[in-house]
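Novice:
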Amino acid sequence: MFGLMQDSQLLIAGIIRHAARNHAHAEVVSKNVDGSIHRYGYPALEARARRLARALARLNIKATDRVGTLAWNGFRHLELYYGVSGSGAICHTINPRLAPADIAYIVNDAGDRLIFADITFAPLLAAIAEHIKAGVRAIVFMCDPAEMPQMALPAGMDLLCYESLMAESDDDYVWPSFDERNAASLCYTSGTTGRPKGVLYSHRSTVLHAMATNVPDVFGLRAQDRVLPVVPMFHVNAWGTPYSAPMAGASLIMPGRHLDGPSLSALINQEHVTMSAGVPTIWMGLLAHLRSSGERIDTVRRLGVGGSACPRMLMQAFEQEYGVTIVHAWGMSETSPVASANAPTPDSLTLTGEAAWRVRDKQGQALFGIEMKIVGNGGMELPWDGVAQGDLLVRGPWVASGYWGNAAGSACDEDGWFATGDVATIDPSGRMEITDRSKDVIKSGGEWISSITLENIAVEHPDVIEAAIIAARHPKWDERPLLLVVPRAGAEIVPEELLKIYEGKIAKWWLPDAVIVVDELPHTATGKLHKLTLRQKYQDWLTRE
Ligand code: AMP
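Heads up: the sequence shown is residues 56 to 600, going by my numbering.
(1) Please go through the segment 475 to 525 and give each complete beta strand (DSSP E) segment of 3 or more residues, from N-terminal end onward.
(2) What residue range does the beta strand (DSSP E) around residue 411 cover?
(3) Taking the straight line between their C-alpha atoms, what separation do you get for residue 331 and residue 306?
(4) Output needed for residue 128: all residues of its chain with C-beta closer than 7 Å, excluding positions within five of it in sequence on either side, in chain order.
(5) With residue 147 as the anchor, note down where its beta strand (DSSP E) starts and where it stops.
(6) Please report the residue range of the beta strand (DSSP E) in which residue 239 lies.
(7) Answer yes or no: the CB of residue 365 versus the heavy atoms of the ligand AMP, is any distance below 7 Å?
(8) To the nearest angstrom, how far is the alpha carbon of residue 357 from that of residue 232?
(9) Grouping DSSP H, G and I as helix and E and B as strand, with all else coil, what is residue 528?
(10) Would you check if there are 3 or more beta carbon pairs closer than 8 Å linking the segment 488 to 507 to the segment 516 to 533?
(11) Is residue 174 near residue 162, with beta carbons less than 8 Å apart?
(12) Between which residues of its own chain and residue 236 is the CB-CB distance below 7 Å, once the five residues before and five after are set aside?
(13) In whole angstroms, give me the CA-to-CA distance for residue 265 and residue 424.
(14) Pairs of beta-carbons, one from the segment 318 to 327 and one from the segment 263 to 278, closer than 8 Å: are there three or more?
(15) Taking 8 Å as the cut-off, does the segment 375 to 387 touch the segment 513 to 527 (at least 3 CB pairs, one atom from each stretch)?
(16) Do residue 367 and residue 412 come within 8 Å of each other at the CB atom, strictly closer than that value?
(17) Just to confirm before moving on: does the CB-CB distance between residue 249 and residue 165 stay below 8 Å?
(18) If you measure from the beta carbon of residue 509 to each beta carbon in chain B, is any gap under 8 Å?
(19) Can you say whether residue 115 is buried or exposed, counting buried as having 16 or more other CB atoms within 10 angstroms of its CB?
(20) How many angstroms separate the CA atom of residue 434 from the CA atom of residue 496?
(21) When you compare the CB positions of residue 535 and residue 397, do they come within less than 8 Å of one another, or not?
(22) According to DSSP, simplified to helix, strand and coil, what is residue 390?
(23) Let me check understanding here. Comparing Cα to Cα, which of 546, 402, 489 and 507 lies closest to residue 483?
(24) Under the assumption that residue 447 contacts residue 470 (Cβ atoms under 8 Å), give the Cβ distance between them as a whole number of angstroms.
(25) Between residue 79 and the rest of its own chain, which residues show a CB-CB distance below 8 Å, the 5 nearest in sequence each way excluded?
(26) Is it buried or exposed, residue 555, if we count other Cβ atoms within 10 angstroms and call 16 or more buried?
(27) Given a threshold of 16 other Cβ atoms within 10 Å of its Cβ, counted over all protein chains shown, does residue 199 qualify as buried or as exposed?
(28) When we look at the beta-carbon of residue 90 and count the other beta-carbons within 10 Å, is it buried (16 or more) or exposed?
(29) Is DSSP giving residue 376 helix, strand or coil here?
(30) Would you kindly work out how many angstroms separate the C-alpha atoms of residue 101 and residue 220, rounded to a whole number?
(31) With a threshold of 7 Å (Cβ to nearest heavy atom), would residue 44 be considered close to the ligand AMP?
(32) For residue 174, does the three-state DSSP call read helix, strand or coil?
(33) In this structure, how does DSSP classify residue 257 when only helix, strand and coil are distinguished?
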């Protein structure tokens with residue numbers, strides 16, 4: 056027997072309709088490409104998204120058609136999130152930091168019909184236009200007519216202006232209702248190995264993920280918050296903040312393209328930001344700026360950090376020097392992305408000193424809706440004792456079941472478990488800790504060494520800006536850890552001195568065998584260390600003649 060409750064569909068348009076009706080006083084503030092500030096509220100955003108949906112229909116965009124975006128975090132990109140998905144089409148966010156050849160591949164693989172782009176990306180589009188002309192019918196620059204870049208496009212591909220399309224359209228549009236399991240947005244993984252793969256989110260997965268991240272022990276957004284998504288809208292939907300903030304009635308502060316420490320500090324202070332989210336590298340940049348300038352960020356209560364392991368020194372610095380709580384979360388494109396978050400519990404709150412920080416290092420408990428397990432050889436489930444390390448598997452309503460172009464269910468096993476490619480431990484309190492990507496793990500004499508633990512300790516050294524640990528071949532132990540560091544400007548690193556930072560913090564046999572000082576480390580398009588490149592270059596360092 057079914058319950059006697061109503062069964063309305065969980066649709067993305069419902070989020071913005073809710074915000075427009077119930078949170079008319081919240082603000083959407085955007086830093087434009089030219090540095091100017093644009094401001095409006097959710098009612099105007101919702102009306103413009105409807106106007107856009109009308110414009111898309113005139114351009115012959117139909118349900119399930121893919122509409123590409125190449126854009127920074129800003130109000131027009133938000134209008135696309137709602138206008139495209141809300142009308143039943145699929146919003147395909149493209150990462151502009153990928154190589155042009157990869158971008159062309161992604162556009163063709165997705166079958167994008169239109170591409171909406173910030174004017175910053177005119178040169179990039181000019182470079183790939185010939186390679187995407189088979190499917191793309193028009194490039195729409197997200198600007199006023201006066202700002203339109205001049206460029207020649209291949210025959211059959213139109214050059215259009217966003218504000219002209221909007222002016223010619225109207226907002227006499229009613230959001231359609233359809234099955235909540237329909238596709239809403241598409242985002243390609245960064246593809247450190249092989250071709251990028253498309254993750255296809257549904258309306259239902261997007262709404263559930265936004266609700267799940269809005270609980271107090273995750274991002275806990277409230278109507279009084281002013282949220283700054285530093286994490287880009289072109290990478291896993293800015294961790295869902297364009298949905299979770301309007302759902303809660305929180306204001307959104309969109310930073311545009313300048314994400315350096317001084318720009319972020321200025322925007323945070325001008326706009327009284329209370330919460331922000333981004334990868335550790337961003338916060339390292341902000342921290343360095345705050346320390347050197349003496350500026351403060353006193354309105355900020357919480358920073359969500361994920362994408363890479365959050366170094367302990369970052370948590371300590373923000374909490375102790377600036378009174379900002381860090382929420383350490385874990386996830387991936389295939390998990391929408393947030394799947395776990397580290398929140399204090401009655402038992403962890405009784406701990407002090409090193410024991411308390413050891414708990415904070417972890418990536419935390421599964422969000423309600425997500426199940427996790429770790430498995431060893433042959434798929435045997437491992438105990439949650441905080442010691443056993445195994446492959447991390449997850450499942451839940453916002454975890455991918457298949458990649459774009461493949462069948463549903465093809466990316467997971469028959470019970471729905473998705474193999475994350477991460478290696479983790481889970482402790483008796485349910486806190487998961489990522490120790491490595493499975494392909495980055497170091498196997499020394501048959502035992503595993505965690506590269507993440509070693510990297511986090513290395514960046515605690517005041518002269519180190521960034522660190523990477525890779526597995527180097529070793530004649531006796533198979534593999535040994537090799538430490539690569541980028542020094543602070545003007546600092547001279549003496550390897551023996553640097554290695555002293557590990558004393559008392561790790562088992563002796565985990566100590567890196569060598570230190571290599573480099574000017575910079577390679578990163579993927581989503582800002583993660585590109586360890587494959589490093590391994591190719593340095594894996595024979597210990598056996599070289
Ligand atoms: P992406 O799909 O590009 O977002 O990358 C997802 C991967 O980033 C995960 O599989 C992890 O390897 C890594 N990652 C994300 N968050 C964290 C975190 N908090 N700590 C350690 N690694 C993380």
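Positions of the beta carbon are idealized from the N, C-alpha and C atoms, including for glycine.
Just so we're clear, the structure is a prediction, and the values are computed from it rather than from any experiment.
Specialist: This is what the structure holds:
(1) 487 to 492, 497 to 499 and 502 to 504
(2) Looking at the DSSP string, residue 411 is not in any beta strand (DSSP E); the run it does join, the alpha helix (DSSP H), is 408 to 415.
(3) Approximately 12 Å, taken between the alpha carbons.
(4) Cβ neighbours of residue 128 beyond the five flanking positions: 284, 287, 288, 293, 309, 310 and 311.
(5) 145 to 148
(6) 238 to 243
(7) Distances taken from the Cβ of residue 365 to the heavy atoms of the ligand AMP include one shorter than 7 Å.
(8) Rounded to whole angstroms, the gap between the alpha carbons of residue 357 and residue 232 is 36 Å.
(9) Of the three classes helix, strand and coil, the one that applies to residue 528 here is strand, per DSSP.
(10) yes
(11) no
(12) 257 and 259
(13) 12 Å
(14) no
(15) Result no; under three Cβ-Cβ pairs closer than 8 Å.
(16) yes
(17) no
(18) No chain B is part of this structure, which consists of one protein chain only.
(19) exposed
(20) 18 Å
(21) Taking 8 Å as the Cβ cut-off, residue 535 and residue 397 do not qualify as a contacting pair.
(22) helix
(23) 402
(24) No, residue 447 and residue 470 are not in contact; Cβ-Cβ is about 15 Å, not under 8 Å.
(25) 96, 97 and 98
(26) By the Cβ-count criterion, residue 555 is exposed, with fewer than 16 other Cβ atoms from all chains shown falling within 10 Å of its own Cβ.
(27) exposed
(28) exposed
(29) helix
(30) So the two alpha carbons sit approximately 16 Å from each other.
(31) Since the first residue of the chain shown is 56 and the last is 600, residue 44 is not available in this structure.
(32) helix
(33) strand
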